[in-house]
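K.L.:
First, the structure itself, so that you have it in front of you.
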Amino acid sequence: MSNIFTSRDPASAAAGQLGIMSVLMADFLTSGHEAGLEAMDRGRERRAAQRYADELNAAEGRADELGRVAIRAVRHVASLEAEVRRLRNALEQRQAYIDRQNARAKAGA
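So this is what it looks like as structure tokens:
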């Protein structure tokens, strides 16, 4: 390529060099823009993956806590069932006593 200072047509040489520089600058800007978009996409994907991992960890924690609550609830229900059995046995004993007293009262009357 000729130099604008040594060319017979310096305007054409300058225009040619300016055109080449413009093409190089446009390529540089386009490459930079594409790289920026790719970096943005990678960042977005990384944040989405981190958010998913955080939500998964939180869900596992909630599931563990719900499991502990369920175990406590089952134990409490078992203790309540045992209390109901104890109260039913006591009620049956008292009712049997009442029935025996009523039978004695009828036999003596």
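Count along the sequence shown starting at 1, add 6, and that's the number in my numbering.
All C-beta atoms in this analysis are idealised placements derived from N, C-alpha and C, irrespective of residue type, glycine included.
On a predicted model such as this, the values are computed, not experimentally measured, just so you know.
(1) Classify Arg14 as helix, strand or coil using the three-state DSSP reduction.
(2) For a test of the three-state rule: what should DSSP assign to Asn63, helix, strand or coil?
(3) Per DSSP, what kind of secondary structure is Asn9 in: helix, strand or coil?
P.N.:
Let's see:
(1) coil
(2) helix
(3) coil
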